[in-house]
Every structure is written in C-alpha cells, then in structure tokens.
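Taking it in order: structure first as structure tokens, then the write-up.
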Amino acid sequence: MHIKDFVSGSLAGACGVAVGYPLDTVKVRIQTQKQFTGIWQCAAETFSKEGVHGFFKGLSLPITTISMTSSVVFGTYRNCLQCLSQARGGGPNTKPEVFLSGMLAGIAQTSVMSPGDIVKVRLQCQTESKRGGTNMPKPRYRGPVHCLLSIVKEDGFRGLYKGALPLVLRDAPSFATYFLTYTTICEKLSGGSKKRPAWGVVMLAGGISGMVGWTLGTPMDVIKARLQVDGARETKRYRGFIHCITETARVEGAGVFFKSLGINCLRAFPVNMVVFVTYEVLNGFLQTGHDSVEQPRFGFE
400 MHIKDFVSGS
410 LAGACGVAVG
420 YPLDTVKVRI
430 QTQKQFTGIW
440 QCAAETFSKE
450 GVHGFFKGLS
460 LPITTISMTS
470 SVVFGTYRNC
480 LQCLSQARGG
490 GPNTKPEVFL
500 SGMLAGIAQT
510 SVMSPGDIVK
520 VRLQCQTESK
530 RGGTNMPKPR
540 YRGPVHCLLS
550 IVKEDGFRGL
560 YKGALPLVLR
570 DAPSFATYFL
580 TYTTICEKLS
590 GGSKKRPAWG
600 VVMLAGGISG
610 MVGWTLGTPM
620 DVIKARLQVD
630 GARETKRYRG
640 FIHCITETAR
650 VEGAGVFFKS
660 LGINCLRAFP
670 VNMVVFVTYE
680 VLNGFLQTGH
690 DSVEQPRFGF
700 E
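In the numbering used here, the protein residues as written are 400 to 700.
So this is what it looks like as structure tokens:
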C-alpha cells in the first residue's frame with residue numbers, strides 16, 4: 400500500500416482549501432441564495448456586511464475534513480492503479496485504468512466528506528454577522544461544532560449525509576476526468592518521458608484538470624448545496640433529489656445549473672495548481688527506493 404500518497408494528499412488538500420475558500424463561500428451563496436446575482440455583487444456585499452471574516456466562515460472543520468478526504472482520494476487513486484497494474488502482470492497503467500481509479504477515488508471520499516461539507520455549506524450561507532447590533536438577527540450557528548451538533552440533534556446522524564447522492568454523482572465522474580486530464584497533459588507536455596514532469600507542467604496540468612473536473616461537476620454541485628441548506632432556516636422546499644432537480648429547473652430554468660460555473664473554474668485553477676504542486680513535492684520527498692507504479696501517472700501503454 401502506498402501510504403505516502405495518503406500523507407501527501409492530506410497536506411495538499413489542506414493547502415488547496417485554504418487558497419480557494421473565499422471563492423468557495425461566494426460560490427455557495429450564489430448557488431443557494433437569490434439575493435446574490437453575481438460574483439462581484441456577492442463578494443462586495445459579503446465584505447460590506449461581514450468583513451473579511453465572512454469569506455472564511457466554517458473554515459476550521461473543512462480544512463480538517465478536506466485533509467482527510469484528499470488523503471482518501473490520492474491514496475485510493477494510487478493504490479487502485481497499483482492493483483490494476485498488478486492484476487494484469489505489471490507495466491504502465493492504461494487510460495481506462497486511470498479513469499476508473501479516479502472514479503473509485505471520488506466515490507470513496509464521499510463517506511468522509513459529506514458531514515464536513517454540509518457544515519461548511521450551512522455556515523457559508525449564514526449571512527448574519529456577529530458584529531451586528533442588538534436589533535440585528537444573530538447567526539443560527541455559533542461555529543462548526545455547534546452546527547454539527549445541531550444537525551445531529553434535529554435530523555439524526557442521517558442529516559450529516561444530506562446531499563450525499565448528488566455528491567457521489569458529482570465526484571465520481573469529476574475525479575475520473577480530473578486524474579485522466581492531469582495525467583494526459585503531463586504525459587503530452589513531458590514528451591512521453593517517464594520522469595516527473597517539470598514544475599511548470601505540474602502547475603498547468605493541475606489547474607486545467609481542476610477546471611475540467613468542475614465543469615463536469617457543477618450541475619450536481621448546485622443540487623447538493625440546495626439540498627444541504629434546505630430546511631435549515633425556512634420551510635423545507637424539496638421532497639428529495641429528483642424533486643430538487645425538477646423544481647429548480649422549473650422555477651429558475653436550466654441555466655441555473657451552470658450559474659456558478661465561472662467562479663468554480665476561477666477557483667479551480669489556483670486551488671488545484673497548489674494541490675498538485677504540494678502533492679508532487681511531498682510525494683517526492685517521501686519517496687524511497689524504486690516505486691513500480693510511479694511511472695503510470697505520466698505515461699500510458
């Protein structure tokens with residue numbers, strides 16, 4: 400088992416979430432709250448009413464959980480590659496194997512990610528500021544732990560997995576495409592070399608793979624976020640996954656599923672550039688001896 404990939408993935412995920420969290424907050428608010436009409440309007444209003452803190456609401460729990468989920472993603476991906484390679488007698492992995500390993504990695508992370516994700520989304524959608532006066536409405540949740548306990552108290556432990564289905568449907572194809580894109584770009588720009596690609600190649604491939612993954616995953620991301628905040632403050636609007644899709648399309652049109660695509664791609668490039676650079680640096684540092692499955696990440700049969 401490639402333990403180093405779990406460790407490298409964990410630290411890479413933490414760095415990525417720290418870089419992209421402000422834009423992630425803006426994205427979630429655009430997806431779930433109608434008073435925000437665009438990126439700049441949402442960012443300006445958030446800063447005006449809540450200050451810089453408004454962009455980092457709920458960060459402490461996600462930076463922990465995303466470290467774990469990123470660890471699961473990279474660890475699962477690399478070990479799946481190893482298993483598939485060994486199953487057919489060794490050698491570089493094929494593109495279908497990279498795609499399948501990425502898909503399994505995306506599915507595996509959802510069990511760890513879902514509880515932290517719903518807490519993150521609910522805190523990000525909490526627009527009330529603690530700085531408000533006595534006549535101003537106070538935030539419902541005092542912080543990540545209070546939010547987590549409130550969800551369990553109201554909906555049981557099942558409540559922590561609200562939106563898990565669209566999360567799986569978002570991440571399975573997204574991570575499959577994510578790793579395939581990254582590996583393909585590295586392989587092409589490295590001229591087929593089996594050595595680690597140059598840092599410029601890693602940065603470019605990481606950024607583009609993140610944008611491709613989010614382009615595929617944005618529609619399900621919108622549904623996930625809406626299901627996660629549904630009923631948190633007002634009357635519950637959606638009876639379930641299918642009803643959320645049909646009702647959202649009926650009321651706001653099909654375009655709403657790509658409403659946050661621009662900000663997702665804007666955030667995805669620097670975040671995944673940082674993720675892959677951090678991952679490759681740490682993975683190289685932890686690498687000892689000959690790794691029989693190191694080559695397939697950058698070269699196919």
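All residues carry an ideal CB built from backbone N, CA and C; glycine is no exception.
Return the CA-CA distance between residue i and residue j, expressed in angstroms with no decimal places.
{"i": "Glu693", "j": "Lys403", "result": "With a pLDDT of 42 at Glu693, under the threshold of 50, the predicted position of this residue should be treated as unreliable, though the coordinate-derived value follows. One C-alpha to the other measures close to 12 Å."}
{"i": "Glu444", "j": "Gln485", "result": "54 Å"}
{"i": "Lys623", "j": "Lys448", "result": "26 Å"}
{"i": "Gly639", "j": "Leu626", "result": "8 Å"}
{"i": "Thr475", "j": "Thr468", "result": "10 Å"}
{"i": "Thr436", "j": "Ala648", "result": "17 Å"}
{"i": "Cys441", "j": "Leu566", "result": "24 Å"}
{"i": "Val472", "j": "Gly609", "result": "14 Å"}
{"i": "Val416", "j": "Leu564", "result": "22 Å"}
{"i": "Ser513", "j": "Arg487", "result": "34 Å"}
{"i": "Val551", "j": "His545", "result": "10 Å"}
{"i": "Gln686", "j": "Lys537", "result": "50 Å"}
{"i": "Pro572", "j": "Val418", "result": "24 Å"}
{"i": "Thr424", "j": "Arg666", "result": "11 Å"}
Quick check on the burial criterion: 16 or more other C-beta atoms within 10 angstroms. Buried or exposed for residue i?
{"i": "Gly590", "result": "exposed"}
{"i": "Trp439", "result": "exposed"}
{"i": "Thr634", "result": "exposed"}
{"i": "Gly606", "result": "buried"}
{"i": "Lys494", "result": "exposed"}
{"i": "Val715", "result": "One cannot answer for residue 715 here, as it falls past the ends of the chain, which runs 400 to 700."}
{"i": "Leu548", "result": "exposed"}
{"i": "Gln432", "result": "exposed"}
{"i": "His642", "result": "exposed"}
{"i": "Leu483", "result": "buried"}
{"i": "Phe556", "result": "exposed"}
{"i": "Leu480", "result": "buried"}
{"i": "Val451", "result": "exposed"}
{"i": "Phe684", "result": "exposed"}
{"i": "Pro695", "result": "In this prediction, Pro695 scores a pLDDT of 38, lower than 50, which makes its location untrustworthy; no coordinate-derived value is stated."}
{"i": "Gly489", "result": "exposed"}
{"i": "Gln434", "result": "exposed"}
{"i": "Gly599", "result": "exposed"}
{"i": "Lys561", "result": "buried"}
{"i": "Ala631", "result": "buried"}
{"i": "Arg541", "result": "exposed"}
{"i": "Ala597", "result": "exposed"}
Once DSSP output is grouped into helix, strand and coil, what is the label at residue i?
{"i": "Pro431", "result": "One point to set straight first is that residue 431 is Thr, not Pro, in the sequence displayed. Thr431 falls in the helix class under three-state DSSP."}
{"i": "Asn478", "result": "helix"}
{"i": "Thr493", "result": "coil"}
{"i": "Ser659", "result": "coil"}
{"i": "Ser608", "result": "helix"}
{"i": "Tyr637", "result": "coil"}
{"i": "Ser469", "result": "helix"}
{"i": "Ala653", "result": "helix"}
{"i": "Asp629", "result": "coil"}
{"i": "Gly590", "result": "coil"}
{"i": "Tyr540", "result": "coil"}
{"i": "Gln523", "result": "helix"}
{"i": "Pro461", "result": "helix"}
{"i": "Lys456", "result": "coil"}
{"i": "Gln485", "result": "helix"}
Assuming residue i contacts residue j (C-beta within less than 8 Å), just tell me the rounded distance between them.
{"i": "Cys414", "j": "Thr677", "result": "5 Å"}
{"i": "Asp570", "j": "Gly616", "result": "7 Å"}
{"i": "Pro543", "j": "Val518", "result": "5 Å"}
{"i": "Arg595", "j": "Glu646", "result": "Contact flag wrong, Cβ pair sits at about 48 Å."}
{"i": "Lys426", "j": "Asn671", "result": "Contact doesn't hold; Cβ gap of about 15 Å is too wide."}
{"i": "Val511", "j": "Thr464", "result": "7 Å"}
{"i": "Val601", "j": "Phe675", "result": "5 Å"}
{"i": "Val703", "j": "Lys658", "result": "This structure cannot settle anything about residue 703, because the visible part of the chain is limited to 400 through 700."}
{"i": "Ser466", "j": "Ser409", "result": "5 Å"}
{"i": "Leu603", "j": "Ala411", "result": "Wrong, their Cβ atoms sit about 17 Å apart, outside the cutoff."}
Does the ligand FMN have even one heavy atom less than 7 Å from the beta-carbon of residue i?
{"i": "Ala667", "result": "The ligand FMN is absent from the structure shown, which contains no ligand whatsoever."}
| said: Whether or not the segment 452-459 and the segment 643-658 are in contact is what I'm after, with contact meaning three or more pairs of Cβ atoms, one per stretch, closer than 8 Å; do they touch? | reply: Counting C-beta pairs closer than 8 Å gives fewer than three between the segment 643-658 and the segment 452-459, which falls short of the contact rule.
| query | Per the contact definition of three or more C-beta pairs closer than 8 Å, is the segment 580-588 in contact with the segment 512-528? | reply | These segments do not touch.
| query | Contact between the segment 499-513 and the segment 563-578: three or more CB pairs below 8 Å? | reply | Three or more Cβ pairs closer than 8 Å define a contact, and the segment 499-513 meets that threshold against the segment 563-578.
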